[in-house]
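Visitor:
Protein chains in written order, with our numbering: chain A, 1 to 139; chain B, 140 to 803.
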């Protein structure tokens with residue numbers, strides 16, 4: 001009986017150990033720092049070559065598309081700006097003034113080469129702001 | 140109309156408090172009338188909530204923009220069907236839907252329960268209506284859907300175009316039915332703990348309701364994946380987004396429960412474990428609602444945010460402390476005499492299955508809240524994205540698929556070497572053949588090889604089981620089809636479960652193929668030019684524009700050919716929604732999808748550069764349609780497991796009310 005129990009305990013330890021290992025190596029290999037533009041620039045030059053995620057507001061009028069469908073734009077946190085080059089699928093809601101999240105590498109030329117681009121509009125989405133605006137416009 | 144709705148919301152909230160109090164006192168002092176009164180008020184809450192929902196629907200359809208909720212979620216140009224679905228597009232409406240579904244399920248529980256039982260059933264009502272009272276509190280005092288604006292805007296904000304999709308009409312409801320349905324098994328478990336009636340009656344009820352909720356949850360998850368695939372336009376169906384994880388975690392633990400419950404029903408083991416699984420599952424549904432509704436974890440599609448976060452955290456803490464408290468209080472009574480005999484047995488296969496499901500749920504949980512933990516611990520926000528979830532969950536998933544083949548064939552208690560050889564020889568050979576053939580076909584991806592081989596193994600075990608059952612019967616001269624249907628209906632849980640397994644195999648095949656062998660090409664073309672993706676060739680013919688009430692559409696026309704033969708014309712679109720009162724989103728990509736059993740050709744019009752020049756992205760996703768087909772098979776199998784017993788021979792007439800009688 002005891003021997004049977006021991007086998008179970010061993011098996012459980014193996015499963016728990018395997019899952020812990022997966023989590024550990026998974027985190028180690030895939031973790032990405034989520035920085036503000038401020039923090040990103042403070043981390044230069046350590047940040048070169050490291051994969052990071054940065055968020056900021058798209059500076060109006062800076063979005064440029066080239067013929068391959070790749071884009072260049074600037075994002076800002078209000079004071080600082082960085083240049084972003086991105087190649088990939090452009091989200092529908094990506095436009096001037098939206099909050100963009102980019103993931104990739106910050107290069108020595110101070111250009112952020114992104115391969116992930118997310119755009120969100122969370123704060124304004126369910127706010128009354130626009131309704132008031134529409135009211136103003138109509139009266 | 141909204142005044143009626145608003146009054147009913149308040150009534151419903153206070154009645155839920157009354158239901159809890161009268162059921163609790165009635166049960167405590169064995170006061171029949173109070174318990175009865177609690178039951179009646181429980182059912183009347185459902186009627187009130189129907190009135191609430193109808194009055195909100197009325198206002199939505201008539202676009203009464205004086206109501207904040209209506210102004211934020213509809214507009215005059217919105218088609219009626221989407222004015223109706225706007226009922227669950229925003230925060231307050233989603234919470235109302237939550238309440239409506241919970242009170243619907245709870246009323247069914249109350250209606251079919253035994254009136255004369257004063258020991259156990261009233262506590263089920265207490266737990267259910269405590270949970271309901273919390274959600275009713277939210278829609279009454281915090282996020283009231285009938286809140287008015289100080290003025291009436293001329294136009295509303297309208298519904299996000301990506302939510303204007305048929306799948307969005309049914310996906311949230313289905314998911315909610317599953318999500319909210321998981322409250323019911325939790326309530327049965329808690330009531331058993333509170334009342335001390337720890338016989339196996341509660342586990343039967345819990346299991347039934349879990350299967351029902353699990354089915355809705357599974358279908359809801361797949362509908363959500365399908366919606367993301369068609370609408371979000373990035374070529375995938377699952378992104379490990381917090382909102383997706385929120386629904387996936389309780390699905391994992393509910394799946395674990397559905398398996399371990401069989402052991403408890405069979406020989407009374409794992410009683411504590413099952414309670415814990417129910418508590419965790421319910422916790423995960425609350426936690427999921429919390430992260431989707433509070434906006435604490437940034438997600439690309441958190442559709443609604445507000446400050447209900449702290450209330451949720453409070454309620455989650457209460458639920459956790461209470462459930463584990465009462466669990467510890469009864470822990471002695473939950474002991475079982477049985478012990479596990481052998482590590483090579485079906486029991487232990489189920490234990491490992493449970494550990495792995497729970498482990499998967501834990502890793503998903505960890506990955507989802509990782510930014511919060513890391514920020515709290517190190518002060519820096521660190522994310523783990525899809526690569527983390529894939530890296531961790533793919534190996535766990537592979538072992539689970541393997542166990543899915545082992546479980547049905549290995550004997551209970553202790554498997555002998557003869558048993559192993561007799562049952563596993565053929566399926567193992569099938570699995571090996573699948574692997575070898577694929578290797579010979581130059582497939583070198585180790586994950587894919589293992590996945591497909593295990594799938595072959597599982598299919599072989601299921602087929603063997605069906606074959607064994609049918610051949611025994613048909614050897615007695617029965618028609619094969621007759622013996623198949625009688626076998627399934629006599630033992631519907633078992634064979635229904637096998638069919639669910641087959642559905643899961645189809646889904647796994649689809650996921651494996653589409654994530655391993657997909658390919659993607661981007662090209663910028665002038666009209667008349669063409670590009671190749673895989674074996675297909677796409678020729679850009681022209682751009683067309685059209686205008687309708689809602690949008691200005693730009694449609695690209697491409698000829699699709701393979702092997703020099705034109706087989707189809709495809710039309711990816713890029714649309715600008717005309718109405719600008721709404722949202723930041725007025726641009727929408729409509730992908731063109733050409734789906735066959737072999738592969739999906741997914742074409743995106745990424746950019747229109749001029750009248751004759753455009754950029755396209757074409758993705759080949761092999762075998763994605765297998766995922767949706769697997770969903771139907773899972774649904775079919777699950778329906779079989781839930782089928783009431785019709786067998787005339789074995790069920791005497793007194794048991795005709797089987798469902799009712801067992802509920803008592």
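We put the beta carbon where it would ideally sit given N, CA and C, even for glycine.
Is residue 440/B helix, strand or coil when you go by DSSP?
Guide: Confidence at residue 440/B is low in this model, with a pLDDT of 46, below 50, so the placement of that residue is unreliable and no value is reported for it.
Visitor: Looking at C-alpha atoms only, which residue of 26/A, 93/A, 74/A, 87/A is the closest neighbour of residue 55/A?
Guide: Nearest C-alpha to residue 55/A: 74/A.
Visitor: In its own chain, which residues sit with a C-beta less than 6 Å from the C-beta of residue 411/B, not counting the 5 before and 5 after it?
Guide: Here the set comprises 473.
Visitor: Of all the options 598/B, 580/B, 551/B, which has the alpha carbon lying nearest to the alpha carbon of residue 568/B?
Guide: When only C-alpha atoms are compared, the closest one is 598/B.
Visitor: Would you list, in sequence order, the uninterrupted alpha helix (DSSP H) runs of no fewer than 4 residues that lie entirely inside the stretch 233-277 of chain B?
Guide: Segments of the alpha helix (DSSP H) lying fully in the stretch 233-277 of chain B: 260-276.
Visitor: What residue does the alpha helix (DSSP H) around residue 704/B start on, and which one ends it?
Guide: Careful: residue 704/B lies outside any alpha helix (DSSP H), inside the beta strand (DSSP E) at 704-709.
Visitor: Anything in the stretch 11-43 of chain A with a Cβ closer than 8 Å to a Cβ of chain B? List those residues in chain order, please.
Guide: The residues in question are 11, 12, 15, 16, 18, 19, 22, 23, 25, 26, 27, 29, 30, 31, 32, 33, 34, 35.
Visitor: My understanding is that residue 285/B touches residue 141/B, with C-beta atoms under 8 Å, so please give their C-beta distance in whole angstroms.
Guide: The Cβ separation is near 5 Å, so the contact holds.
Visitor: What alpha helix (DSSP H) runs, 4 residues minimum, are completely inside the stretch 554-605 of chain B?
Guide: Counting only runs of 4 or more, we get 556-579.
Visitor: Can you determine whether any heavy atom of the ligand MG sits closer than 7 Å to the C-beta of residue 490/B, and answer yes or no?
Guide: The model on display carries no ligand, and the ligand MG is accordingly not part of it.
Visitor: Less than 8 Å separating the beta-carbons of residue 766/B and residue 649/B?
Guide: Taking 8 Å as the Cβ cut-off, residue 766/B and residue 649/B qualify as a contacting pair.
Visitor: Distance, Cα to Cα, residue 430/B vs residue 707/B?
Guide: For residue 430/B and residue 707/B, the distance between alpha carbons rounds to 44 Å.
Visitor: Quick one: which residues of the stretch 59-91 of chain A get their C-beta closer than 7 Å to a C-beta of chain B? List them in chain order.
Guide: Those would be 65, 67, 68, 69, 89, 90, in chain order.
Visitor: Kindly provide the ranges of any beta strand (DSSP E) runs that are 3 or more residues long and lie completely inside the stretch 159-225 of chain B, ordered along the chain.
Guide: With a minimum length of 3 residues, no continuous beta strand (DSSP E) run stays inside the stretch 159-225 of chain B.
Visitor: Label residue 16/A either buried or exposed according to how many other C-beta atoms from any shown protein chain fall within 10 Å of its C-beta, with 16 as the threshold for buried.
Guide: Looking at its Cβ environment, which holds fewer than 16 other Cβ atoms inside 10 Å, residue 16/A is exposed.
Visitor: Which of helix, strand or coil does DSSP assign to residue 719/B?
Guide: Per-residue confidence for residue 719/B stands at a pLDDT of 49, beneath the threshold of 50, marking its modelled position as unreliable; no derived number is given.
Visitor: State the Cα-Cα distance for the pair residue 85/A and residue 754/B, rounded to the nearest angstrom.
Guide: Going from the Cα of residue 85/A to the Cα of residue 754/B covers about 17 Å.
Visitor: Is there a C-beta anywhere in chain A that falls below 8 Å from the one on residue 775/B?
Guide: No, residue 775/B lies away from the interface with chain A (no Cβ there is under 8 Å from its Cβ).
Visitor: Alpha carbons only, please: which of 726/B, 606/B, 628/B, 631/B is nearest the one belonging to residue 619/B?
Guide: Nearest option by C-alpha distance: 606/B.
Visitor: In this structure, does DSSP put residue 59/A in helix, strand or coil?
Guide: Here residue 59/A sits in coil by DSSP.
Visitor: For the candidate residues 729/B, 690/B, 397/B, whose alpha-carbon lies nearest to that of residue 709/B?
Guide: Answer by Cα proximity: 729/B.
Visitor: Write down the C-beta distance between residue 60/A and residue 96/A rounded to the nearest angstrom, noting that I regard them as a contact closer than 8 Å.
Guide: Confirmed, Cβ separation roughly 4 Å.
Visitor: If contacts are defined as beta-carbon pairs under 8 Å, then residue 132/B and residue 416/B qualify, I think. What distance do you get, rounded to the angstrom?
Guide: Only positions 140 to 803 of chain B appear in this structure, which leaves residue 132/B out of reach.
Visitor: Counting pairs of Cβ atoms below 8 Å between the stretch 670-684 of chain B and the stretch 748-762 of chain B, do you hit three or more?
Guide: Cβ pair count under 8 Å is three or more, so yes.
Visitor: Hey, is the stretch 240-260 of chain B in contact with the stretch 165-182 of chain B, meaning 3+ C-beta pairs nearer than 8 Å?
Guide: Yes, the stretch 240-260 of chain B is in contact with the stretch 165-182 of chain B.
Visitor: Could you name the residues of the same chain whose beta carbon sits closer than 8 Å to that of residue 613/B, not counting the 5 residues immediately before and after it, in chain order?
Guide: Cβ within range, chain order: 619, 622.
Visitor: Within 10 angstroms of its Cβ, does residue 402/B collect 16 or more other Cβ (buried), or is it exposed?
Guide: Residue 402/B is buried by the Cβ-count criterion.
Visitor: Does the Cβ-Cβ distance between residue 72/A and residue 101/A come in under 8 Å?
Guide: Against a cut-off of 8 Å, the Cβ pair of residue 101/A and residue 72/A comes out as no contact.
Visitor: Can you pull out the residues from the stretch 492-524 of chain B whose beta carbon lies closer than 9 Å to at least one beta carbon of chain A?
Guide: Going along the stretch 492-524 of chain B in chain order, one finds 494, 495, 498, 499, 501, 502, 505, 506, 509, 510, 513, 514, 519, 520, 521, 522, 523, 524 with a Cβ nearer than 9 Å to chain A.
Visitor: Are at least three pairs of beta-carbons, each pair with one atom in the stretch 261-277 of chain B and one in the stretch 152-161 of chain B, less than 8 Å apart?
Guide: Yes: the two stretches touch, three or more of their Cβ pairs being nearer than 8 Å.
Visitor: Confirm, please, whether the CB-CB distance from residue 387/B to residue 418/B is below 8 Å.
Guide: No. Outside cutoff.
Visitor: So, with DSSP's three-state summary, where would you put residue 287/B?
Guide: DSSP places residue 287/B in strand when its eight states are reduced to three.
Visitor: Taking the straight line between their C-alpha atoms, what separation do you get for residue 775/B and residue 639/B?
Guide: In a straight line, the C-alpha of residue 775/B is about 7 Å away from that of residue 639/B.
Visitor: Can a CB atom of chain A be found closer than 8 Å to the CB of residue 447/B?
Guide: So, not an interface residue.
Visitor: Quick one: which unbroken beta strand (DSSP E) runs of 3-plus residues sit fully inside the stretch 629-658 of chain B? Chain order, please.
Guide: List check, beta strand (DSSP E) in window: nothing returned.
Visitor: If we define contact as Cβ-Cβ less than 8 Å, is residue 112/A a contact residue for chain B?
Guide: No, because no Cβ of chain B sits closer than 8 Å to the Cβ of residue 112/A.
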